[in-house]
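For the sequence shown, UniProt numbering begins at 1 and goes up steadily by one.
Ideal Cβ positions, reconstructed from N, Cα and C, are used throughout, including at glycine.
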Amino acid sequence: FLRHGWDALAFPFPLNYGEGPLLDQAVRLAGFEGIYSSDLSRAPYTISNYPPFYLLVQAPFVWLFGPELWYGRLISLSSVAVTALFVALTLFTITRDRIAAMAAGLTFPAIPYVMRWSSLGRVDLLGLALSWAGLFAVVRWPQRRRAILAAAVLFVAAVLTRQTYVLAAPLTAFVWLLVQGHRRRALELAGLGCGLGLASFLALNVSTDGGFFLNTVTANINDFRWERVSFNALGAGLACPLLLLGGLAFAWRAPRDGVWWLVVPYLTLSVPSALLVGKVGSDVNYLLELSAALCLATGALIAWQRERPRLRALLISLLALQVLALAQSSLVPSGLQDYVVDQEREVRQLSRIVAGAEGPVLTDEHMGLLPLNGKRIHLQPFEMTQLSRDGSWEQGRAVEAIRQEKYDVVMMWEPPFARDIKSDRWTPEMLAAVEAHYESTGRLADMVIYRPE
């Protein structure tokens, strides 16, 4: 995990499609520019899929260091540590079992989905860390009004980082408070959270003339494919079968005490978010909350067997075997990152091409090269393609710009392991315009480079 993170911090170029738009948005926000356009009929054709909190955290780094990718990745890596810490502290607070708490916390970074996403400058892990900080505040100080206020602020901050964190942690905290007899504090949490959240939404949406809702809700409604859910469910079953079985065993057999009412609601409420992995363009980031839930359930299962030392020792031994299996599964995301890092020399050449372009550059996977070289993203192909397919965006002007050869360079990612990815990221009209008015001049780092004919 540490080597994986260090390699990412040392790599100065994009590792993932989504890093580029987020860096571009952070640069614009740091320059006090709007990022939620309410008019998609005019260039730039860009979408800000997420609320602004992660970008606001990056803004001071942009002022100090300029456009870089390392600080976004550092936020993600730090968020893994914070999440693991709060998972452990939360479980320890209600079980007083150090071994179980350590088992829960230390398992989290070992999960392949977590390791994969920990090295990317993406919003997900910061939001997860904030939600767990809020959950810990509720469990640690359920009778204190200040703790409830802090939890509400943290939950809203998590939702303002990523929308999907609106469900599991806040509702789990509410249910847990009710069951523990803290009805007044539960209602205070609900009132404060809903009030702050609604006020934040209205402020953002009104100030952007509806652009916030358009970007963060409408533009996120992509095609859904159940085969993607089945594929990822199979992958989870193969990678962490003992964690899944342990979670089910605890939910089914454990006594309905304070631990159960924390673990089972959170585990259950993390499933809807995980199902969103079926959206076109989604990735394993939708499984991060479920991963934290499984770690919590595993620790709770070990704590439950405290009075049965032999069974407890067996469970810890099985967890050790599971972690070894997770380490083997983590070779896949580690290999994917190494594949990109090993292309650094060619990516550096791509960066020089972008820097030397006199006009705008159109690209997909290595979109992050644009803000790194002081250029703006003029079109996000995947996001706009999805909007075009569901009838929310008219692509005529964007396609005409390609036909008129307004882009000095066009670069398309065509890796050997994802040959059909262009059809998800580009409309047929965009591809036809590039083929008709641009010619291929080379290939670097799996990117085919096109220039005007």
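For S317, the uninterrupted alpha helix (DSSP H) segment begins and ends at P309 to S329.
In this structure, A151 is the residue among A151, T161 and R162 with its C-alpha nearest to the C-alpha of P170. K422 sits in a helix when the DSSP states are folded into three classes. For the pair W132 and A436, the Cα-to-Cα distance works out to about 51 Å.
The way I'd put it, the region 36-56 doesn't touch the region 96-106; fewer than three beta-carbon pairs between them come closer than 8 Å. The shortest C-alpha to C-alpha distance from V434 to any of I148, G356 and E400 is the one to E400. Assignment of beta strand (DSSP E) within the region 26-59, counting only whole runs of 3 or more residues, yields no such run. With a 10 Å radius around the Cβ and a threshold of 16 neighbouring Cβ atoms, E365 comes out buried. Of the candidates F13, G299 and E307, F13 places its Cα closest to the Cα of G121. Cβ atoms of L77 and G5 come within 8 Å of each other, at about 5 Å. The bridge partners DSSP lists for R451 are E439. For L362, the enclosing beta strand (DSSP E) begins and ends at V361 to T363. Contact check for V280 against R225 passes: the beta carbons are separated by less than 8 Å. K375 and L321 have their C-alpha atoms spaced approximately 48 Å apart. For M102, the three-state secondary structure derived from DSSP is helix. The beta-bridge partner set that DSSP reports for W413 consists of M447. Residue nearest to R184 within the set V138, N220 and T164 is V138 (criterion: CA-CA distance). Bounds of the alpha helix (DSSP H) holding L275 are W260 to L275. Inter-segment contact for the region 190-202 and the region 285-295 is absent: fewer than three beta-carbon pairs are separated by less than 8 Å.
For the region 378-411, there is no continuous beta strand (DSSP E) assignment of 3+ residues that stays within its boundaries. For R348, the closest of G359, P333 and N373 by C-alpha to C-alpha distance is N373. Per the Cβ contact rule, the region 29-48 is in contact with the region 208-219 (3 or more Cβ pairs under 8 Å). I75 and V62 do not touch by the CB rule: their CB atoms are close to 13 Å apart, not below 8 Å. When C-alpha distances from R162 are compared across A8, A43 and V217, the shortest belongs to V217. In this structure, A110 and V87 do not form a Cβ contact; the two beta carbons are roughly 13 Å apart against a cut-off of 8 Å. In this structure, E344 and F65 do not form a Cβ contact; the two beta carbons are roughly 20 Å apart against a cut-off of 8 Å. When the five nearest sequence neighbours on each side are left out, the beta carbons in the same chain lying within less than 8 Å of the beta carbon of F136 are those of F86, L89, T90 and T93, in order along the chain. If you draw a straight line from the Cα of V284 to the Cα of Y165, it comes to about 15 Å.
Considering only P21, L238, S334 and V229, the residue with the shortest C-alpha distance to Y286 is V229. At a cut-off of 4 residues, the continuous stretches assigned as alpha helix (DSSP H) that sit fully inside the region 227-264 are 241-253. The beta carbons of P371 and P67 sit about 5 Å from each other, so the pair counts as a contact at 8 Å. Between V341 and P44, the alpha-carbon positions lie close to 30 Å from each other. Distances from the alpha-carbon of L128 to those of L244, V159, V27 and K422 put V159 closest.
Residue state for F86 is assigned as helix, using DSSP reduced to three classes. In this structure, the CA atom of T107 is about 41 Å from the CA atom of V354. Proximity to Y113 across Q328, A398 and L379 peaks at Q328, based on C-alpha coordinates.
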